[in-house]
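S.K.: Have a look at this one.
Chains as they are written, first to last, in this note's numbering: chain A, 14 to 330; chain B, 4 to 304; chain C, 117 to 447.
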C-alpha cells in the first residue's frame, strides 16, 4: 500500500470563517496505481492535490492523517515535509507553462535544484538525458531558456524534472488543461509510461476531464463538495457507477473521448453547496433525484464491493 | 509598482463573492490596516490644517508682523524670519498650496495619463503605436528640466500654470501602467460583449474598464499627487514658484537665499521641508496600505 | 535584438528632435519679445555692451526671417556646437561654461545613482518577507523617497556642516585653493563632495529599496517560486532567483528614475553651492541668461538619452528573454 489518507480535513481560512475544502477524505492508493481525481471545480480536488505536498499559507490542516509507505506524512509541519518533497512526493503543477524560472537555462536550473536537494547532478545526468529523449525532447533543451520552448515542450520538461528522483507519489494537477487534444494524449501516455518504467510508483491525476482519465487511469475517485462520492476502478465508474452524482456525471458525458465534463456538469440542476457552512447530512441531497429522509444524515464511505467505495445511503441496499 | 490589485485566482476555494460582499470585505481589511489608517490620518490632518489654518491668520503670510529672527515662542509658534514674517502663517498657507498643487498637477497628469493609457490599450493598432511612442518620448525627457526652461520664460506665474505644466510632463508612467492594465482587461468577455453591442469607446472605458481597475486608478492618482508636490517644491526652490505666493518650497528658497543656515535659523527651513516629507511619505504609506487591502496576495495572515 | 535596439534608437532620436524643437519654440512662442525682455532684465549697465549684445541676439534669433528658416538655422548652429553666448558671463560661449560645470555634476550624479541603486536593491531584497525588517526598512524607505532632495541637503549642510563643523557645506573646493592636481586640492575636493553626495545617495536609496522589496514579493509569489517550493528547494535558492529576476525591472527603473535623480542633483547642488549644472541653472535664471539655460537643457537631455541607451544595452545583455528574441532562436 503506497498511500493511505484517513479522514483528512483541510480548511481555507477566510474572513468569514473556514471554508471546508476537504472535510473528511479517506482513500488508499495502491502501488502502481494511477488514480484519476475528478469533480466539479471547487469540489476540493485541487486542494487534496496540494495538501499531499505543500499547504499554502491560507490552508490549515484540521484533522486526519496521511501515510506514505507506512510512514506518517506531516503535512501540517512545513519544515518536516521538506525531506519528503521531490524525493518521495512530487508535483506536476497546473501552471507548468510558467513553472520554470524564465532567466535560467533549463540545464542549469536542474543542476541547481538537484544540488539544493542533496543530489549530485553528475550522478543523474545520463538518466535525465534518457528521460528527455523518452518524452521526445532533444537533450539540447538543457541549453535553452524556457522562453525558447513551446508550451508542450515546457510541459514535458516539467514532467521529467518532477519525476527525476523516482518519487513514490506523483501529483499531476490539471496538467493537460492548457494543452491541445493531441498534446494532451501524448502527455497522458508519457505519464503512464513513467509509471510502467517505475519512475513513479503511483500517481494522483487531478482533472475535470473524465474522458481523458478513462484512457489512462486505473481507478477514478469522484469528489463532491469536499467529500468523496465514489472511488472505483475505471471500468466500474464508467459502466456501473453507484453514487447518483457519479451516475449523473457519467450520463452527462455524450460519449467517451470527446468533451470535458466542466460544461456538461452544468446540465445537472442546482449548484454545489457553499463550503463555508456546509449543510449537514449528504451534501448532494439538494440536487439528488433519489434523496430521501435518511439523507439528512451523513452517509459513510463504504466498500460496497472489493475496490469499489461509495458514500450514499442508496448504494448500501 | 507593477504588482497590482485585483489579480484573480487568489482564492479559488472561496465561493463566488458578490460586489457588496467584496466591498464589505475590503472595508473590513481597510479598518484593520495600520498603514492605511496612519497614512490617511496624517494626510487628512494636514489637509484640514491647510483648509482651516489660514482662516485663523489675520494678516498676509508675507507681511512683516513681528520682531526679526525669533525662535519659536508663544506668540509666533514657529518663530519668525529674518524680516519678521510669521513662519506659522507661511506654513499653513504653504500646506494649503501644497494640496492645491497636488490636486491640480496630479489631477492634470492623471487625466492625461489615464486617457492616453485607456485609449492606447483599448484601441490598439496604430493609435497604440503613436500614443506609445509619445509616452516613451515624454518619459525619457527629464520633466524637471523641461519645466525649468518652460517656466523660466513666464513673467507671471501662478499655481494654475505650474499645475498644468507639471501635469503635462509627469503623466507617462501612469499612461504606461493604465495601458497594460487595460490590455489585460480588454479581452475579457464583458468588454467584448460591450464592444459587440456597439457601445461607444469612451462609454466602454468609463463604464466597463475604469470601474474594474478603480483601486488601481486610486493608487495611481495618489502617486501622481505626491510626485506633483515634490516637483512643485523643487521648482519653487529654484525660484520658479508662484509669483508673490506662499508655498513650502518658496519658504525653503527664502531660507537659503537669506542665509538661514549660516544664521542658525533652523525654525525657518525645518518646518516646510518636514511638512512636505510628512505629507508625501504619508501618501506613499497610505498607498501601500491600499495595495494590501485591495490585493489579497499581499495581505498578511 | 537589433530590432529592439533599433526601435529604442528611433525613440531617442525623436526625443532629441522634440527636445531641440521645444528649446527653439519656447523663447519664440512665449508672450513678449525675448531679446528685449532678456536684456532689460539682465543687469547690463554699459550701454555699448548692451548695444552689442542687442545686435548679437537679434541676429541669433533672426526674428525677421521666416519661422522655418529660423528653425533650420537653429539646427545648423547646433551641429556646429554653437549654443550661443552666455549673457551673465558675456562673451563666454555657452558650451564652454557648461563644460566647466559638467565634471562636478557627473562626479556627484554617477556615484550617487550607482551606489544608491546597488545598496538600495540589497536592502530591499533583505527586507522583503521578513516581518521585522520589513516593518522598519519600509517606512524609512518611504520617508526617504518622500523627502525633497533640497531639504535633506539643507539638514545635512546645517547639522553636519555648520553646527557640527565636520565637513564643508558650501562650494566645490575651498576659496583659498586654485584647481590643480596637488594632493591638497584633491583631498579638499573630496571633502566638499561628501555631503552633497550623501544627501543625494540617501534620498535615492529609499526609492530603490522600496522598489526592490515590492518586486521581490511579486517574484516570490510567481509560479516558478511555488514550483521550487513544492519540490522542497531551500529558501536561499528561491530568493536568489527572485532577486535576480527582480533586478531586471529595477534596471528599467533606473532609466525611468533618471530624470528625477538628475533634478535632485540640480537641487542638491544649489543647496551646497556646488559648482555644477544645478548652480549654473540657478544663476542663469537669476540673471535671465536664457541661452545658458537652454544650453544646459540640451546637455541634460543628451546626457539622459545616452544613459538610457547604455541601460538598454545592459538590459539586453542581462535578460535572456530579450537576448533570445533578438537572435531569433525561439523554437
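Glycine is no exception: its CB is placed at the ideal position from the N, C-alpha and C atoms.
For residue 170 of chain B, count the other beta carbons within 10 Å of its own beta carbon; 16 or more makes it buried, fewer makes it exposed. Which is it?
M.R.: Along the second chain, one-based indexing puts residue 170 of chain B at 167. Counting Cβ neighbours within 10 Å, residue 170 of chain B comes out buried, since at least 16 surround it.
S.K.: With a cut-off of 8 angstroms, do at least 3 Cβ pairs link the region 275–286 of chain C to the region 252–264 of chain C?
M.R.: The region 275–286 of chain C is not in contact with the region 252–264 of chain C.
S.K.: Would you tell me roughly how many angstroms separate the C-alpha atoms of residue 139 of chain B and residue 437 of chain C, rounded to the nearest one?
M.R.: Mapped onto the second chain, residue 139 of chain B falls at position 136. Mapped onto the third chain, residue 437 of chain C falls at position 321. So the alpha carbons of these two residues sit roughly 21 angstroms apart.
S.K.: Sort B/84, B/42 and B/115 by Cα distance to residue 260 of chain B and report the nearest one.
M.R.: By one-based count along the second chain, residue 260 of chain B stands at place 257. Cα-wise, what sits closest to residue 260 of chain B is B/84.
S.K.: When the Cβ atoms of the region 231–250 of chain C are set against those of the region 231–246 of chain B, are three or more pairs found closer than 8 angstroms?
M.R.: Contact fails: fewer than three Cβ-Cβ distances are below 8 angstroms.
S.K.: Per the DSSP calculation, residue 27 of chain A is bridged to which residue(s)?
M.R.: Taking the first chain and counting its residues from 1, the one referred to as residue 27 of chain A is at position 14. Its beta-bridge partners are A/30.
S.K.: Return the CA-CA distance between residue 297 of chain C and residue 223 of chain C, expressed in angstroms with no decimal places.
M.R.: The residue you call residue 297 of chain C lines up with position 181 of the third chain. The residue you call residue 223 of chain C lines up with position 107 of the third chain. Each residue's alpha carbon lies about 16 angstroms from the other.
S.K.: Considering Cα atoms alone, identify which of B/93, B/212 and B/154 is closest to residue 117 of chain B.
M.R.: By one-based count along the second chain, residue 117 of chain B stands at place 114. It is B/212 whose Cα lies nearest to the Cα of residue 117 of chain B.
S.K.: For the region 264–291 of chain B, list every residue whose C-beta sits within 7 angstroms of some C-beta in chain C, in sequence order.
M.R.: Within the region 264–291 of chain B, the residues whose Cβ lies closer than 7 angstroms to some Cβ of chain C are 264, 265, 269, 272, 276, 279, 280, 283, 284, 287 and 288, listed in chain order.
S.K.: Among the candidates B/199, B/188, B/146 and B/256, whose CA atom is the shortest distance from the CA of residue 176 of chain B?
M.R.: Reading the second chain from its first residue, position 173 is the one you call residue 176 of chain B. Cα-wise, what sits closest to residue 176 of chain B is B/146.
S.K.: Can residue 110 of chain A and residue 62 of chain A be called in contact, C-beta distance under 8 angstroms?
M.R.: The sequence position of residue 110 of chain A within the first chain is 97, counting from 1. The sequence position of residue 62 of chain A within the first chain is 49, counting from 1. In this structure, residue 62 of chain A does not lie closer than 8 angstroms to residue 110 of chain A by Cβ.
S.K.: Below 8 angstroms between beta carbons is the criterion; list the residues of the region 249–264 of chain C that meet it against any residue of chain B, in chain order.
M.R.: Under the 8 angstroms Cβ criterion, the region 249–264 of chain C contributes 254, 255, 258, 259, 261, 262, 263 and 264.
S.K.: Taking beta-carbon pairs under 8 angstroms, can you tell me which members of the region 131–151 of chain B lie near chain C?
M.R.: The residues in question are 136, 139, 140, 142, 143, 144, 145, 146, 147, 148, 149 and 151.
S.K.: Who are the Cβ neighbours of residue 416 of chain C in its own chain at under 8 angstroms, not counting the five residues just before and after it?
M.R.: Numbered from its first residue, the third chain carries residue 416 of chain C at position 300. Taken in chain order, the residues that qualify are 378 and 393.
S.K.: Since residue 176 of chain A is in the alpha helix (DSSP H), which residue starts that stretch and which ends it?
M.R.: Locating residue 176 of chain A in the first chain gives position 163, where the first residue counts as 1. It is not in any alpha helix (DSSP H) - residue 176 of chain A carries neither H nor E in the DSSP assignment.
S.K.: For the candidate residues C/232, C/403 and C/136, whose alpha-carbon lies nearest to that of residue 314 of chain C?
M.R.: Walking along the third chain from the start, residue 314 of chain C turns up at place 198. The residue with the shortest Cα to Cα distance from residue 314 of chain C is C/232.
S.K.: My assumption, with CB atoms under 8 angstroms, is that residue 236 of chain A sits in contact with residue 57 of chain A. Please give the rounded CB distance.
M.R.: Here residue 236 of chain A refers to the residue found at position 223 when the first chain is read from its first residue. Here residue 57 of chain A refers to the residue found at position 44 when the first chain is read from its first residue. The Cβ separation is near 6 angstroms, so the contact holds.
S.K.: Taking the alpha helix (DSSP H) that residue 123 of chain B falls in, what are its first and last residues?
M.R.: Translated into positions along the second chain, residue 123 of chain B becomes position 120. Element bounds for residue 123 of chain B: 90–126.
S.K.: What are the residues of the region 156–181 of chain B that lie near chain C, defined by any Cβ-Cβ distance shorter than 8 angstroms?
M.R.: From the region 156–181 of chain B, only 156, 157, 158 and 176 have a Cβ closer than 8 angstroms to chain C.
S.K.: Given this structure, state the Cα-to-Cα distance separating residue 241 of chain A from residue 201 of chain B, to the nearest angstrom.
M.R.: Numbered from 1 along the first chain, position 228 holds the residue referred to as residue 241 of chain A. Numbered from 1 along the second chain, position 198 holds the residue referred to as residue 201 of chain B. Approximately 47 angstroms between the Cα atoms of the pair.
S.K.: Output yes or no for whether 8 angstroms exceeds the beta carbon distance between residue 97 of chain B and residue 245 of chain B.
M.R.: Along the second chain, read from residue 1 onward, the residue named residue 97 of chain B stands at position 94. Along the second chain, read from residue 1 onward, the residue named residue 245 of chain B stands at position 242. No.
S.K.: Entirely within the region 237–309 of chain C and at least 3 residues each: give me those beta strand (DSSP E) ranges in chain order.
M.R.: Runs found: none.
S.K.: Straight-line CA distance for residue 153 of chain B to residue 404 of chain C?
M.R.: Indexing the second chain from 1 puts residue 153 of chain B at position 150. Indexing the third chain from 1 puts residue 404 of chain C at position 288. Cα to Cα, the separation comes out at about 13 angstroms.
S.K.: Three or more C-beta pairs closer than 8 angstroms, one from the region 137–146 of chain A and one from the region 69–84 of chain A: is that the case here?
M.R.: Cβ pair count under 8 angstroms is below three, so no.
S.K.: With 8 angstroms set as the bound, which would you pick, yes or no: does the beta-carbon of residue 106 of chain B sit closer than that to a beta-carbon of chain C?
M.R.: Taking the second chain and counting its residues from 1, the one referred to as residue 106 of chain B is at position 103. Output row for residue 106 of chain B: interface = no.
S.K.: Any Cβ of chain C within less than 8 angstroms of the Cβ of residue 276 of chain A?
M.R.: Against the first chain, residue 276 of chain A aligns to sequence position 263. The pLDDT assigned to residue 276 of chain A is 49, lower than 50, so where the model puts this residue is not dependable; a value taken from the coordinates is nonetheless given after this. Not one chain C Cβ lies under 8 angstroms of residue 276 of chain A.
S.K.: Taking only three categories from DSSP, how would you classify residue 83 of chain B?
M.R.: In the second chain, counting from the first residue as 1, residue 83 of chain B sits at position 80. If DSSP states are grouped into helix, strand and coil, residue 83 of chain B belongs with the strands.
S.K.: Using 8 angstroms as the Cβ pair cut-off and three pairs as the minimum, do the region 176–194 of chain A and the region 96–116 of chain A touch?
M.R.: Yes, the region 176–194 of chain A touches the region 96–116 of chain A.
S.K.: Just checking my contact of residue 286 of chain C with residue 359 of chain C at CB under 8 angstroms: how many whole Å lie between their CB atoms?
M.R.: Counting from 1 along the third chain, the entry for residue 286 of chain C is found at position 170. Counting from 1 along the third chain, the entry for residue 359 of chain C is found at position 243. Not a contact, Cβ separation roughly 40 angstroms.
S.K.: Is there a Cβ of chain B sitting closer than 8 angstroms to that of residue 379 of chain C, yes or no?
M.R.: Here residue 379 of chain C refers to the residue found at position 263 when the third chain is read from its first residue. So, interface residue.
S.K.: Using a 10 Å radius around the Cβ and a threshold of 16 neighbouring Cβ atoms, would you call residue 76 of chain B buried or exposed?
M.R.: Within the second chain, the letter at position 73 stands for residue 76 of chain B. Exposed: under 16 other Cβ atoms inside 10 Å.
S.K.: Quick one: using the 10 Å Cβ neighbour count with 16 as the cut-off for buried, is residue 46 of chain A buried or exposed?
M.R.: Mapped onto the first chain, residue 46 of chain A falls at position 33. It counts as buried.
S.K.: Where does residue 33 of chain A land, buried or exposed, given buried means 16+ other C-beta within 10 angstroms?
M.R.: Along the first chain, one-based indexing puts residue 33 of chain A at 20. Buried: at least 16 other Cβ atoms inside 10 Å.
S.K.: Does residue 153 of chain B get closer than 8 angstroms to chain C when you measure Cβ to Cβ?
M.R.: The residue labelled residue 153 of chain B in the question sits at position 150 within the second chain. Chain C, which has a Cβ nearer than 8 angstroms to the Cβ of residue 153 of chain B, makes this yes.
S.K.: Suppose you measure from the CA of residue 303 of chain C to the CA of residue 290 of chain C; what does that come to, to the nearest Å?
M.R.: Against the third chain, residue 303 of chain C aligns to sequence position 187. Against the third chain, residue 290 of chain C aligns to sequence position 174. Straight-line Cα distance between these residues: approximately 11 angstroms.
S.K.: At which residues does the alpha helix (DSSP H) containing residue 415 of chain C begin and terminate?
M.R.: Sequence index remark: in the third chain, residue 415 of chain C carries index 299 (1-based). It spans 406–434 - the alpha helix (DSSP H) in which residue 415 of chain C sits, taken as one unbroken run.
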